[in-house]
Structures are given as C-alpha cells and as structure tokens.
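Which chain is which? The protein sequence lines are D, V and H, in order. According to the working numbering, the first sequence is numbered sequentially starting from 24. According to the working numbering, the second sequence is numbered sequentially starting from 5. According to the working numbering, the third sequence is numbered sequentially starting from 434. Encoded as structure tokens, the structure appears first; notes follow it.
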Amino acid sequence: MSLLEVVNVYKLFVGREVLKNICLDVRRGEILSVIGPSGAGKTTLLKLMNLLLYPDRGKIFFDGVDTEVDEKRRRVLRREMGMVFQHPALFDTTVFNNVALGLMIRGFPKKEIEKRVEDALNYVGLKGFAKRKASSLSAGEAQRVSLARALVLEPKLLLLDEPTANLDPANVLQIEETVRRVNSEKGVTVVIATHNLLQAKRLSDRVAFLWMGELVEVGESKEVFENPKSERTALYLSGKVVY
Amino acid sequence: MAGWEEVFYGLVKAVELIFSGDPDVVQITILSLRVSGLATLIGGALGIPLGALVALRTFRGKTLVVSVINTLMGLPPVLVGLVYYILLSSTGPLGFLRLLYTPEAMILAQLTMVLPIAAGVTISSVSTIDPKLREVAVSLGANPLQETAILLWEARVGLLTALVVGFGAAISEVGAIMIVGGNLLGYTRALTTAIVLLTNQGEFVEAIALGIILLALAFLVNAILTLIQMRSRSSLFAQTYTREPQFKR
Amino acid sequence: MTASIVFFTTNPTSTTRSRLVIATTTSTVDSGLLDYLKPYFDKRFDADMTWLYLGTGQAIAVASRGDADILLVHDRAREDAFLASGNGTHRATVMYNDFVIIGPANDPANIRGAGGAVEAFKRIAEAGRSGKTLFVSRGDNSGTHALEMKIWSAAGLDPRERGWYMEAGQGMSSTIRISSEKQAYTLSDRGTWVKLKSALGEALRLQILFEGDKTLLNPYGLILLNPVKYPKINSELAEKFFLFMVSKEGQRLIESYRVAGEQIFFPAFGKAEDIGLPSEEEEVRYWIKRLSENGLEPPPWVKQR
Chain D
24 MSLLEVVNVY KLFVGREVLK NICLDVRRGE ILSVIGPSGA GKTTLLKLMN LLLYPDRGKI
84 FFDGVDTEVD EKRRRVLRRE MGMVFQHPAL FDTTVFNNVA LGLMIRGFPK KEIEKRVEDA
144 LNYVGLKGFA KRKASSLSAG EAQRVSLARA LVLEPKLLLL DEPTANLDPA NVLQIEETVR
204 RVNSEKGVTV VIATHNLLQA KRLSDRVAFL WMGELVEVGE SKEVFENPKS ERTALYLSGK
264 VVY
Chain V
5 MAGWEEVFYG LVKAVELIFS GDPDVVQITI LSLRVSGLAT LIGGALGIPL GALVALRTFR
65 GKTLVVSVIN TLMGLPPVLV GLVYYILLSS TGPLGFLRLL YTPEAMILAQ LTMVLPIAAG
125 VTISSVSTID PKLREVAVSL GANPLQETAI LLWEARVGLL TALVVGFGAA ISEVGAIMIV
185 GGNLLGYTRA LTTAIVLLTN QGEFVEAIAL GIILLALAFL VNAILTLIQM RSRSSLFAQT
245 YTREPQFKR
Chain H
434 MTASIVFFTT NPTSTTRSRL VIATTTSTVD SGLLDYLKPY FDKRFDADMT WLYLGTGQAI
494 AVASRGDADI LLVHDRARED AFLASGNGTH RATVMYNDFV IIGPANDPAN IRGAGGAVEA
554 FKRIAEAGRS GKTLFVSRGD NSGTHALEMK IWSAAGLDPR ERGWYMEAGQ GMSSTIRISS
614 EKQAYTLSDR GTWVKLKSAL GEALRLQILF EGDKTLLNPY GLILLNPVKY PKINSELAEK
674 FFLFMVSKEG QRLIESYRVA GEQIFFPAFG KAEDIGLPSE EEEVRYWIKR LSENGLEPPP
734 WVKQR
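This is the structure in structure tokens:
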C-alpha cells in the first residue's frame, strides 16, 4: 500500500526541466533509497515529497490525499512528515529548543514536549545533550539533533537528503543504525537520498535510480544492485560513470 | 572658570545631584527614561514586525521600500519635530488631539525616529539568516506567523542591538522634543532640553552634571547590550558546521 | 542653542574690516534692531558688526570669558554685578523697550481693566488658582524672566510650583507660541510680540491685554569690557560702538526702528531719571566728552549739559 505516490511529475527551474515524468510509489513501512549522482534532482524530488515545492505538471498523493491544495492544507499534511537536510541547519539556541521546535509549532503541552524530546535525544544517542548550545556541537552531533528533531514528531514519513554526506564513518553508521531502528521498531516509512551506494545497499528495501532528472530504474534493492535492468544503472553502479 | 575646571566641577555636581536625590533632577531623568523608553518599545513593536514582513516576502517595489526605510533611518530629528509641530498645533490638522507640549507628543516624535531604525535593522538581520533555516521552519509545519516568530527569535541579538541603538538615539535627542514638548518644567523637560536651558543660562557646571547623568544612562543601556551579545557568542562554533554567520559586525 | 554667530555681511570673506562681536540676548536679536543698525555702523566705522544669540545668563558668561567684545543686555542687577566685579569699565543705559502682558482674547483673569502690572499679575494668579487660566513664564533666568519675577515679588506672590504656572525654559518666541496653544497669559517684550503676531496673524491666538505701566519698562545696558582684563578683545572697535550707540545718530536710529509699523525701542541715553532709574550723570558726562573727542554729536536732549 502506498504512503506516497508521485505521478507523472515534472519540475522546472528557470525553464530547465529538473525532473521529468517521475512516477514513483513509496510503500508503507519500507526504506527507499533514491540514488544518483549530484545534480540528478534528488533534493528537488525530496522537497516535492515534503511539499516544500509544487510540481509543474503531475500530481503527488500523500496517504491517498491529493496534495495539490492550498498552503494551509499542505501544512497539515506536512506535519505528518519529517525531513532531515544535508546540513543540520540548527537554530541558535539549545539542543532542547531545536528538537522541541516542531512540537511547539503544533501546540503540544509542555510536559509532553519534555518527555518526547528526552526520548528522541536518547534514541539518537545524545542523552544529556538537551541543555547544550547548538552552536557548540560537532557536525555529527548536530546532524543527530537534526534527526531527533524530525523523529520527535513521530512522522509517518521520514525524508533524508544525503544525511551523512559530510560525516565521519562512526557518525555515518550511528545515524544509519537509528534510521534502521526507527523503521523496524516504529514502522516509519523512510525515503533516503544518497550518493553513497554502499549506504543504499546497507539500508534500503528498494532503490530508485535518478539520472539527469529521469527515473531510470526502480526495484528491490538486491535486484537493482546485482541485476540492474538498465545499462545506465549498471554503469553508475560500477562506478564507471559519475555524472 | 577655564574649561576643564567646569568639567571637573560638573562631575562633582553630578554625583551630588544623584545622591542627594534632587527632586527636579529625578523628575527630569524619569521623564527622559519614560519618553525614550516608551518610544523605543513602541517603535520597536511596530518596526520589527514591519521589517520582518519586508524581509520575508517578495513583492514588487521591495527594493524601493527597503531604500525608503534605510533613508528614514537617518531622518533629522529636528525635522521630525517640526513636522509634528505643524500637525499637532492648534491650527494644524491634528490640533484637536491637544497633544502639543505633552510628553505624549515627545514619545510620538521619538518613536517616529526609532521605527525606521528598528525596521531597517530587522530587515538586515532577518535577510542574512541562513535560508535553510527558513526551509526547516516550513518543513516542520510552521505557518507564516510561526515562521516569522522563529526567524525573529533567531535574529534576536541583531534586533536587540537595534533597540539599544534606537534608545541611545532617542535619549540623546533634543531638537524634536524641544519643539513638540516645549521644555515645560515638571511636564516636558527632559535631560537634553534641560541641558540646553542651563547652557543658555550660562550655568555650565549644572549643564555638564546633567550631561554626565545622560552619559551614564546611555552607558548603562549599552553595557547591558554588550553583556547579552557576549553571552550569546560565548559558545564556540563547530568546525564543520556549515552555517553562515547571522550578521556581519 | 549654543552660541551661534550670525553673519549679516554682504562680504563674507572680508578680512580687512575690523570685526565686532556683541554678546547680547535672544530678545534683542529677535527684534531685528541690530540688523537695522548694522549697515550704518559698518559704513561709518568701516567695520563688521556681528552678534551672538544667547540667553541673558549665557551672554554675561560669554562676556566674562572675553569671548565677545562688548555686552548689551537688559538685566540691571546682573549688569551692576558685572561692573562691580571689574569685568566691565563703563555702563550706560542706551535704550528701553517695554513689555506687554498678552493672553487669550476672552481675558479670563480680567486684566484689561487692571490699574497696574502688579495688579494684573495678582488677578492672573487668582484666576489661575481657581483653575480658570494659566501663565507661561520664560523660566530661563533671562532679563525678561528677571523682570517678570520682580513683578511677582512686588505683588507678594511666588507663583512657582503652582499648577497654573508653567516654566518653558526657552526663548520669547517659543514661550509665546506655547502660551497660544495653552491659551495662557505671558509677559513678552513688545518687539518679539509684534514680530510674531505679524508673521503668524490669526494662527497666534493671543492679544495684548495690558500695557503702558512704568514697571513694564525694560532698559538696556551697554557695557564696555575691561581692556586690561581682556587684552585680546577688540576694545577699540567696542568703544566706537559705544560712541555710536550714544551719539545723536545712533539714538535717532534706535528711535526710528519699526516692526510692523510700530516703534519698539526708545532712546534712553541721558534719560535715566526720566524712566525711573538712578542717575547716570557721571557716565553721561564721560561720554559727551568722548563723543566730542571723536568728532561725534551727542543726542539733542543731552546737549544742554
């Protein structure tokens, strides 16, 4: 059953087609990787999924609901998702405030917020970090806060845009572990955009290969990696073609 | 008395006036604080949201609006005073309000000067916030009002600076409040206008004394700002944490 | 309103002419008399007459520091003190103007029919106390203010710290405008009043309600600064100005000056007793001598001595 459906979506930036005719289903409870070189349109696709952008053509359905509605209703839908960007983008305040922000926006009571934030921080391995200033964190810690910020909202869909691109291996594995857990323990559907093929292999159930704005291939992870249907996919996976 | 003696005696007199609690001086000081304080608060309360609005929205003529606000930041106070005088005088369009020669008129004139400062600095502070943060706020489900509030909080040090600068300008202003206030003893006499009067009377020692009190007030407010600024900068910035600085100082 | 030097020269870059700096009051400058006298003085003595626009207290302070060449004010007590301190060597009453009590047209204190200025003030105080009216004072220790306080004290009143009495702490024009806004009474020199009234017309909602009392006469003292104490001042030109002001020509010019068709100043050299002031005979005789030594004529009413 699809949580998110992208149907014949096109996106243009300054006249250039950044995404062409994308048809993609995101199944409930799965971890889907979107792979492809930089500039392929991965970020744009994720932003469209997070309803931060409107498609120029085509439609996106979230949980069966047509998302081509006014901003007010999109906001309601957006509150069921969480997104982690490539750069942590934390606010100049404490870790607690950063993680709690989404809850405060939704008007949760104070006690509830405190509990949820504590749980989220523990979940990402940042127990006791609540009072630290965001600006004092290392890159890995900051990104984990970013993740906690998304998780604390208990979203149905978690979108990650190259979340570990700038991190050291230890932090990469830490975050991957958390993503895996949240998917298996809490059933959160995950879409992760990455150009780290090994990471995609490690994490995902299914893989979608995006190349120059086009969805070249989608399939079960094992299938795509071992028996890619498209030659282009094969070239990319073998590392022979980088862009 | 040669010049420096007067400064020295002025210092002595200032201490004397402060500690003796001379009622006139107390009254004048309180009026200055009240007028400039309210002007700053109201000017800020109006100017900051205005600045946020301009900074966060795109609309036709945005560049023009920003230029106008920046120009208004340098409004000559005495001109503001003159315009309000013409408006508020009994023969003027707003004469029926009977505001002329009241502290309220002084507040009005000064907040007119603080408002563009608050708006201008807000525009600059908010515009230089990392656009990714804006995305984050929206992604977290913030509505436009919440988004604005979040960004204003993020820019808070810059905004506070704007208020302190605005207050400093207001409390040392003399032309506008002289014209619309009338320097009436017990009603509209502030530190700056009192200094003018004392100077006119040749009472330089007292004038310097009041000037020292004025300086002390301005210094106090600035000290508070510096403390706040330093506290917010004391945390170190992470090395690989790629975030542009909020505002260049 | 710190000391501002007002240049009314047609030749601003002229350095060949000798410059005179007069320390005088805002009322004097506002009346326009000095502008009127300047071309005559400048031509006669090949000079550049300039003046400082100050409050009375400041004018005296400036003169005491030797920052001006000559002093022209209207506050007898302080003029005498100035001489007594040795800062000034010669002083003469050169002219007087008069003060008027102005107020709202409906005259709530009913001073129109008062017998004298003192009684008028008493009536204003009474009306003020019963909440019917207000009085706005210069409140700046100026010559005008000093005269006002003299009248209050002659009436046996101390008007300060009463709700109906306001102190503006400013010059005459501003004080008048404040009075108009508040529909209050105030004491003004005739010159400033006439000028402002002719400029603002109906916008100035006040009228002269009382005038003509001897207590409302405002004599001006011209004081020569001590050249020994202030060696850097232009004492030569200052003395020439003194001679000019007490001469027939100067006194006649003072008399002929008009504001909106009204005579504001009245020559007073050698007329001290006539206007109720102590005799200045010695001083007058000194200047008659100096005038003749400089080839200048004294005013006709003085010639007989």
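Ideal placement from N, C-alpha and C gives every residue a C-beta, glycine not left out.
Using alpha carbons as the reference points, say which of D:Lys34, D:Val37, D:Leu42 lies closest to Glu237 of chain D. In the first sequence, residue 237 of chain D corresponds to position 214, counting from 1. Cα-wise, what sits closest to Glu237 of chain D is D:Leu42.
Can you list, in chain order, the residues of the region 197-209 of chain V whose Cβ is nearer than 8 Å to any Cβ on chain H? Thr197, Ala198, Val200, Leu201, Thr203, Asn204, Gln205, Gly206, Glu207, Phe208
Would you give the residue range spanned by the beta strand (DSSP E) that Asp622 of chain H belongs to? If you number the third sequence from 1, residue 622 of chain H lands on position 189. Looking at the DSSP string, the run of the beta strand (DSSP E) that includes Asp622 of chain H is 619-622.
Cβ-based burial, Lys252 of chain V [other Cβ within 10 Å; buried from 16]: Position 248 of the second sequence, counted from the start, is the residue given in the question as residue 252 of chain V. Residue confidence for Lys252 of chain V is low, a pLDDT of 38 falling below 50, so the modelled location carries little weight and cannot support an answer.
Would you say Leu167 of chain V lies against chain D (beta-carbon separation less than 8 Å)? In the second sequence, the residue the question calls residue 167 of chain V occupies position 163. Not one chain D Cβ lies under 8 Å of Leu167 of chain V.
4 or more residues per run - each alpha helix (DSSP H) lying fully within the region 655-724 of chain H: 668-679, 681-689
Partners in chain H for Ser36 of chain V, counting only beta-carbon separations shorter than 7 Å: Residue mapping note: residue 36 of chain V aligns to position 32 of the second sequence, counting from 1. Residues of chain H passing the Cβ test: none, with the nearest at roughly 15 Å.
Mapping the DSSP letters down to three states, classify Val247 of chain D as helix, strand or coil. The residue you call residue 247 of chain D lines up with position 224 of the first sequence. Helix, per DSSP.
Please list, in chain order, the chain D residues whose beta carbon lies closer than 7 Å to that of Ala59 of chain V. Here residue 59 of chain V is taken as the residue at index 55 of the second sequence, counted from 1. Neighbours of Ala59 of chain V on chain D: none; closest Cβ ~17 Å, over 7 Å.
Any C-beta of chain H under 8 Å from that of Leu188 of chain V: Here residue 188 of chain V is taken as the residue at index 184 of the second sequence, counted from 1. Yes, Leu188 of chain V counts as interfacial toward chain H.
Taking C-alpha atoms, which residue in H:Glu512, H:Tyr469, H:Arg595 lies nearest to Gly490 of chain H? For the purposes of this step, residue 490 of chain H is identified with residue 57 of the third sequence, where counting begins at 1. Measuring from the Cα of Gly490 of chain H, the nearest candidate turns out to be H:Glu512.
Buried or exposed (CB count within 10 angstroms, at least 16 for buried), Ala198 of chain V: Mapped onto the second sequence, residue 198 of chain V falls at position 194. It is buried - the Cβ of Ala198 of chain V has at least 16 other Cβ atoms within 10 Å.
Say whether chain H places a C-beta atom closer than 8 Å to the C-beta of Arg193 of chain V. As a position in the second sequence, residue 193 of chain V is number 189, starting the count at 1. So yes, Arg193 of chain V belongs to the interface.
Strictly below 7 Å CB to CB, what residues from chain H border Leu104 of chain V? Here residue 104 of chain V refers to the residue found at position 100 when the second sequence is read from its first residue. Going along chain H in sequence order, the residues near Leu104 of chain V (Cβ under 7 Å) are Glu614.
Coil, strand or helix - Met5 of chain V by DSSP: Here residue 5 of chain V refers to the residue found at position 1 when the second sequence is read from its first residue. Because the pLDDT of Met5 of chain V is 49, which lies under 50, any placement of that residue in the model is unreliable, and the number read from its coordinates should be weighed accordingly. Coil.
If we cut at 8 Å on Cβ distances, does Leu101 of chain V have a partner in chain D? As a first step, residue 101 of chain V is located in the second sequence; it is residue number 97 there, counting from the start. Chain D, which has no Cβ nearer than 8 Å to the Cβ of Leu101 of chain V, makes this no.
Could you tell me if Val661 of chain H is buried or exposed, where buried requires 16 or more neighbouring beta carbons within 10 angstroms of its beta carbon? The residue given as residue 661 of chain H occupies position 228 in the third sequence. So Val661 of chain H ends up on the exposed side.
Return the CA-CA distance between Lys245 of chain D and Val230 of chain D, expressed in angstroms with no decimal places. Position 222 of the first sequence holds residue 245 of chain D. Position 207 of the first sequence holds residue 230 of chain D. Answer to the nearest angstrom: the Cα atoms are 9 Å apart.
Looking only at its chain, what residues have a beta carbon closer than 7 Å to the beta carbon of Thr442 of chain H, apart from the 5 residues adjacent to it on each side? The residue labelled residue 442 of chain H in the question sits at position 9 within the third sequence. Residue placement at Thr442 of chain H is flagged as unreliable, the pLDDT there being 40, under the threshold of 50; the coordinate-derived value follows with that caveat. Taken in chain order, the residues that qualify are Asp481.
By alpha-carbon positions, which one of H:Gly634, H:Asp573, H:Thr577, H:Glu559 ends up nearest to Ser460 of chain H? In the third sequence, counting from the first residue as 1, residue 460 of chain H sits at position 27. Comparing Cα positions, the closest option is H:Thr577.
When the distance is taken between beta carbons, is Ile133 of chain V closer than 8 Å to Glu158 of chain V? Translated into the one-based positions of the second sequence, residue 158 of chain V becomes position 154. Translated into the one-based positions of the second sequence, residue 133 of chain V becomes position 129. Yes; because the gap between Cβ atoms is below 8 Å, this pair is in contact.
Asn444 of chain H burial status per 10 Å Cβ neighbour count (16 or more: buried): Counted from its first residue, the third sequence places residue 444 of chain H at position 11. Legend: pLDDT at Asn444 of chain H = 45, less than 50; position of this residue unreliable, value from coordinates given subsequently. By the neighbour-count rule (16 or more Cβ atoms within 10 Å), Asn444 of chain H is not buried but exposed.
Residues near Tyr663 of chain H by beta carbon distance below 7 Å, same chain, minus five either side: Here the question's residue 663 of chain H lines up with position 230 in the third sequence. Around Tyr663 of chain H: Gly499.
Under 7 Å, CB to CB, which of the residues in the region 123-145 of chain V have a partner in chain D? Asp134, Lys136, Leu137, Glu139, Val140, Val142, Ser143, Leu144, Gly145
Using DSSP with H/G/I as helix, E/B as strand and the rest coil, what is Arg50 of chain D? Numbered from 1 along the first sequence, position 27 holds the residue referred to as residue 50 of chain D. Of the three classes helix, strand and coil, the one that applies to Arg50 of chain D here is strand, per DSSP.
Chain-order list of residues whose beta-carbon lies under 7 Å from that of Pro249 of chain V (same chain, five-residue window excluded): Position 245 of the second sequence, counting from 1, holds the residue named residue 249 of chain V. In this prediction, Pro249 of chain V scores a pLDDT of 44, lower than 50, which makes its location untrustworthy; the coordinate-derived value is nonetheless stated afterwards. Once the five neighbours on either side are set aside, Pro249 of chain V has no close Cβ partner at all.
Sorted by chain position, which residues of the same chain lie with C-beta nearer than 8 Å to Asn574 of chain H's C-beta, five sequence neighbours on each side aside? Translated into the one-based positions of the third sequence, residue 574 of chain H becomes position 141. The answer, listed in chain order, is Gly488, Thr489, Gly490.
Go ahead and pull the three-state DSSP assignment for Gly215 of chain V. For this step, residue 215 of chain V is matched to residue 211 along the second sequence. In the structure shown, Gly215 of chain V sits in a helix (DSSP, three-state: H, G or I).
How long is the line joining the alpha carbons of Thr483 of chain H and Met528 of chain H, rounded to whole angstroms? Reading the third sequence from its first residue, position 50 is the one you call residue 483 of chain H. Reading the third sequence from its first residue, position 95 is the one you call residue 528 of chain H. Roughly 19 Å separates the two Cα atoms.
By DSSP's criteria, Ser460 of chain H is part of a beta bridge. Which residues make up the other side? Looking up residue 460 of chain H in the third sequence gives position 27. Note: Ser460 of chain H sits in no beta bridge, so no partner.
Closer than 8 Å to chain D by CB, Leu156 of chain V: Numbered from its first residue, the second sequence carries residue 156 of chain V at position 152. Chain D contact via Cβ: absent.
Taking just the CA atoms, how far does Gln603 of chain H sit from Ala632 of chain H? Position 199 of the third sequence holds residue 632 of chain H. Position 170 of the third sequence holds residue 603 of chain H. Between Ala632 of chain H and Gln603 of chain H, the C-alpha separation is close to 19 Å.
7 Å Cβ shell around Asp191 of chain D - same chain, five flanking residues per side excluded: Taking the first residue of the first sequence as 1, we reach residue 191 of chain D at position 168. Result list for Asp191 of chain D: Gly163, in chain order.
Sequence-distant residues of its chain with Cβ nearer than 6 Å to Tyr653 of chain H (five each side left out): Position 220 of the third sequence holds residue 653 of chain H. Counting only Cβ-Cβ distances below 6 Å, and skipping sequence neighbours, we find His507, Val527, Met528.
Assuming contact is defined by CB atoms lying nearer than 8 Å, are Val184 of chain V and Leu98 of chain V in contact in what I supplied? What you label residue 184 of chain V is simply residue 180 of the second sequence in a count that begins at 1. What you label residue 98 of chain V is simply residue 94 of the second sequence in a count that begins at 1. No.
Rounded to a whole number of angstroms, what is the C-alpha to C-alpha distance between Met5 of chain V and Lys681 of chain H? Here residue 5 of chain V refers to the residue found at position 1 of the second sequence. Here residue 681 of chain H refers to the residue found at position 248 of the third sequence. Low confidence applies here, because Met5 of chain V scores a pLDDT of 49, under 50, leaving its location unreliable and the question unanswered by this model.
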